[in-house]
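Residue numbers (the numbering used here): 15 to 454.
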């Protein structure tokens, strides 16, 4: 049941803390304890869901499953969409985000720097073929230009991450120990031909910024490839809806070019929503005749925001992602695309714009891709269809796409860095990148 408050917004039942107080923290602790108990009970009573995975895997999967299903009031009717206080919900989501803290020296090093959005990297998109999405991007460009003209340019924070065992750190380890601001953690190229990873984090465009889970992923990617990883903390929904995230990722790529990195030395990467951002960015770069990066690594990319594949039904219960309806105002697609707007057929059509869902785009001229997907995830069929379409539309490059299926693994399984599948996926990324640059 929902009621209205004095401002006319509906009151919603919320499972997690709404204030950072002792009682609020206690509420979250009770939720986590309940999830751990639930996962442990099912593990010992019913046996492991996946024979090769232990208790740790099952507990973490249970926490993710219940967090995604219970943290937001998914039973809210569609006709109440415009009566939800999304300013408050943004604070609620942020308050209950994934844990955030720096890496330890046993895993790697990370540091933040700010990208200043000055006129040198803000360019007009002129993407008329993408209709409303192109118009929204133009509006963001106008806002950034106006801020810069007033002498108050917007900034985007960006992570630089170096894995503890990455080859470039082995070469320059003394610099980290003896210098207060080591060159290894500076945004500038270490040498004119340095290769780097530009990684866009996942989290349904709503969470994941600065999360420790993603810092572990960046560190593992750095270790596997031997390269430094750059990752922008792009704006998040529902405070900043589409295409703010895509615009920020474009600016991050433009910044790397401005700093002196060569496009042929940049590899795009991303998991889930970040994988979709990587693919959408490639469409924009090709459309604007801007040099594309050398390759892309897409981990469980959310390439179809319309969620069309059959595995959204057939893999229910196997993945930690809950099955949700577009009638739900808190469906991830609705939250990131147009929070507070009622769902209808027009919105569904807008979801299929290639800049929102790259699978519906013209995918000719794409760079080499490594695409990894879990066999148990809801997005499996969408990801496989995307990989097939990229390869089909680039038939003159028979080995352009390498698709890897990891049996029994859930969505974005590389976040579960302790699993053998995750370690195998990182090793494959390393082989892909090293082979790519050896061929040059």
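We put the beta carbon where it would ideally sit given N, CA and C, even for glycine. Since this is a predicted model, take the numbers as computed values, not measurements.
- By the 16-neighbour rule on beta-carbons within 10 angstroms, residue 143 is exposed.
- The three-state secondary structure of residue 97, taken from DSSP, is helix.
- For residue 381, the number of other beta carbons within 10 angstroms of its own is at least 16, and it is reported as buried.
- Put simply, of 389, 169, 298, 26 the residue whose alpha carbon is nearest the alpha carbon of residue 375 is 298.
- CA-to-CA, the gap between residue 390 and residue 111 works out to about 25 Å.
- In the three-state reduction of the DSSP assignment, residue 104 falls in the helix class, which pools H, G and I.
- Under the rule that a run must span 3 or more residues, the beta strand (DSSP E) segments found entirely inside the region 283-345 read 309-313.
- Within the DSSP bridge table, the entry for residue 383 names 310, 415 as partners.
- Per DSSP, reduced to three states, the secondary structure at residue 263 is helical.
- In the structure shown, residue 176 falls within a strand segment according to DSSP collapsed to helix, strand and coil.
- By the neighbour-count criterion, in which a residue is buried when 16 or more other Cβ atoms sit within 10 angstroms of its Cβ, residue 316 is buried.
- Secondary structure note for residue 122: its beta strand (DSSP E) is the uninterrupted segment 122-130.
- Leaving aside the five residues that flank residue 325 on each side, the residues in its chain whose CB is nearer than 8 Å to its CB run, in chain order, 391, 392, 393, 394, 395, 396.
- Annotation: the continuous beta strand (DSSP E) that includes residue 214 extends over 210-214.
- Around the beta carbon of residue 81, 16 or more other beta carbons lie within 10 angstroms, which makes this residue buried.
- In the same chain as residue 273, and ignoring 5 residues on each side of it, the C-beta atoms closer than 8 Å to its own belong to 201, 202, 203, in chain order.
- The DSSP assignment places 36-60, 69-84 as complete runs of the alpha helix (DSSP H) inside the region 22-99, in order along the chain (cut-off: 4 residues).
- Around residue 160, the same chain offers no residue with a beta carbon nearer than 6 Å, after the five sequence neighbours per side are excluded.
- The C-beta distance from residue 208 to residue 279 rounds to 6 Å, short enough to fall under 8 Å.
- CA-CA distance, residue 148 to residue 48, rounds to 45 Å.
- Put simply, the backbone Cα of residue 227 is about 22 Å away from that of residue 419.
- About 7 Å separates the Cβ atoms of residue 424 and residue 75, confirming a contact at the 8 Å cut-off.
- When DSSP states are grouped into helix, strand and coil, residue 171 belongs to the strand group.
- Looking only at 301, 268, 276, 310, the smallest Cα-Cα distance to residue 284 is reached by 310.
- With 16 or more other CB atoms across the displayed protein chains lying within 10 angstroms of its CB, residue 211 is buried.
- DSSP, reduced to helix, strand and coil, places residue 388 within a strand of the structure shown.
- Using a C-beta cut-off of 8 Å, the region 235-253 makes contact with the region 434-447, since at least three inter-stretch Cβ pairs fall below that distance.
- Put simply, of 129, 175, 260 the residue whose alpha carbon is nearest the alpha carbon of residue 196 is 175.
- According to DSSP, residue 280 shares a beta bridge with 210.
- The Cβ neighbour count for residue 330, taken over all protein chains shown within 10 Å, is under 16; the residue is labelled exposed.
- The same chain holds no residue with a CB closer than 8 Å to that of residue 59 once the five nearest residues on each side in sequence are set aside.
- Between residue 109 and the set 220, 367, 405, 306, the nearest pair of CA atoms involves 220.
- The beta carbons of residue 369 and residue 260 sit about 6 Å from each other, so the pair counts as a contact at 8 Å.
- Take the alpha-carbon of residue 173 and the one of residue 126: they are about 5 Å apart.
- Straight through space, the alpha carbons of residue 248 and residue 133 are spaced by roughly 19 Å.
- A straight line joining the alpha-carbon of residue 301 with that of residue 230 spans about 34 Å.
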